[in-house]
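Please read the structure below before turning to the comments.
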Amino acid sequence: MSRAGELFENGRIQDAVTAVRRLIAGSGKKYYVKTFGCQQNEADSERIAGMCEDMGYLPADSPDEASLIVVNTCAVREHAEKKAISVTGQYKHLKNADPGLVISMCGCMVSRASRAEQIKKSLPYVDFTFGTSDIHLFPVLLSDRLAGGKRRFELPPDNPPIVEGIPVRRESGFRAWLSIMYGCDNFCSYCIVPYVRGRERSRNPADVLREAEELIGAGYRDVTLLGQNVNSYGRNCPFGCDFPGLMRRIDAIDGDYLIRFMTSHPKDATRELADTIAGSRHIAHQYHLPAQSGSDSVLRSMNRGYTFDEYAEKAGYIRRVIPDVTLTSDIIVGFPGETEEDFEDTLRLLRTVRYDMVYSFIYSPRRGTPAAEDPAQVPDEVKGERMRRLLELQTGISSEINEKYYGKVLRVLIHGKSKNDPGMLETRTEGGKILLIPDDGTEAGEFVNARVTGTGAFLLYGERG
Ligand code: 5AD
Ligand code: SF4
């Protein structure tokens, strides 16, 4: 049975919101959300913050000011899990000083029964946990705990609902995440996501469009559509709207804004999508198309559903129909069984496609996924050495591509003062590249033109032009 379309305003959740509001009314209590992981988690954290404010909490600048802390975890690599546990461990002394402090964990890591059990046993100061598909239950869990209920460790249901109407507190006034679907059905053999975010389910296009209209109407300039595999948006749904169709409907909204999307699985990336981007008014000329590897045999063991040649053909088509596209990829180095020859195929893919940028990751075994059971694990030194070679090659390619921008005038969106370069404003090009210009006091959220005066592998410099 599909439970899609539930509303946050349902009785049980609203009763909990009201109960917490009454309990903390006028107390000035604050909340703090710590986020690990991907854009989906950032989007989820904005909804957790929205619910906290709906219940009457105020935002805290640091965890030690807070009466409520939520740690939103990631499970994609082991490092992210260790970080979440160690950061939560640092909150123990806050709980000792203030036993009324509520500490909660949510997200991908705690959606696994084994991890939830581990946290229950080893982090006794954690009050409750909940997974990504149970975010709407946060007020219920909080209200029960504040009323003296037991610690709870909620695991995701088999058939999670899509819940509309959860309040959102967006971090930015000009950039926004817009989730169009949840979960993943691809089961790439290295990846934990399908086990922790559940089966793929798409939001109703009417709900997506309404949110897009609200954002654009409120002056948002840069809206990123989110899904684990946006190309399968609408699949197995009665809506009669696929991803290119959804993009065209959003693109028809008038306004001064850009739409982006993440992430597109190469096996489902169609020519129609590339043509839609090329013919659009508002879709950014940016395409993130994670290859993961260039070796046919590794791609087969990863269960990716395409070969080197099929991938290169699709990437070539994208570059042909969108000549100024910024094309990026994710690559995993040291997948089980990856030979020197396999790795060289990955380097060959980088040379063939010539990405603007590559996000590269050392393979991290995730218990419960098929690849973690593979006896042919690659030794750490080999992984490290391959990573170094990949970065060296890609840094050269990125530098060469960026050099071609020298002297060009680009339309960029001001993001705010640069943290690393005092006196400079950080901006983003349509392709998502960082471009720094001298700070002339222009407000964040404005589009301006900038002439490129300097280039590097990871940065462009410019002046208002
Ligand atoms: N080890 C290393 N990298 C991984 N990714 C996903 N699972 C793993 C893993 N087990 C990477 C993939 C994916 C990105 C978000 O994270 O490249 O595209
Ligand atoms: Fe993981 Fe593959 Fe799904 Fe991406 S498409 S979330 S890599 S299983």
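Numbers 68 to 532, taken from the numbering used here, label the letters of the sequence shown in order.
All residues carry an ideal CB built from backbone N, CA and C; glycine is no exception.
Residue from K500, A438, K484 with nearest C-alpha to S465: K500
For a test of your reading of the model: does the CB of V143 fall under 7 Å from any non-hydrogen atom of the ligand 5AD? Yes or no. yes
Skipping 5 residues on each side, what residues in its chain have a beta carbon closer than 7 Å to that of M424? T395, S465
Could you compute how far the alpha carbon of D82 sits from the alpha carbon of I202? 16 Å
Span separating the alpha-carbon of D165 from that of V235: 28 Å
Which term fits R327, buried or exposed, when burial requires 16 or more other beta carbons within 10 angstroms of its beta carbon? buried
A285 to G240, Cα distance in whole Å? Spanning the two alpha carbons is a distance of roughly 9 Å.
Distance, Cα to Cα, R70 vs V365? Bear in mind that a pLDDT of 41 at R70, under 50, signals an unreliable position, so the model cannot answer this.
Alpha carbon to alpha carbon, how far is S331 from V297? Give it in angstroms, no decimals. 5 Å
Taking only runs of the beta strand (DSSP E) that begin and end inside the segment 115 to 142, which ones reach a length of at least 3 residues, in chain order? 135 to 140
From L543 to P305, what does the alpha carbon distance come to, in whole angstroms? It is not possible to answer for residue 543, since the shown part of the chain is limited to 68 through 532.
So, helix, strand or coil for A83, using DSSP? A83 falls in the helix class under three-state DSSP.
Considering Cα atoms alone, identify which of A243, N139, Q461 is closest to E278. A243
What I want to know is whether the C-beta of S239 ends up closer than 7 Å to one or more non-hydrogen atoms of the ligand 5AD. no
Which runs of the beta strand (DSSP E) spanning at least 3 residues fall entirely within the segment 368 to 401, listed in chain order? Counting only runs of 3 or more, we get 393 to 400.
For the ligand SF4, any of its heavy atoms closer than 7 Å to the Cβ of P432? no
Measuring alpha carbon to alpha carbon, tell me which residue in L458, K450, S431 is nearest E145. S431
Judging by CA-CA distance, which residue of R179, D318, N370 is the nearest neighbour of R348? D318
Taking contact to mean 3 or more Cβ pairs, one atom from each stretch, closer than 8 Å, check whether the segment 443 to 463 and the segment 485 to 498 are in contact. no
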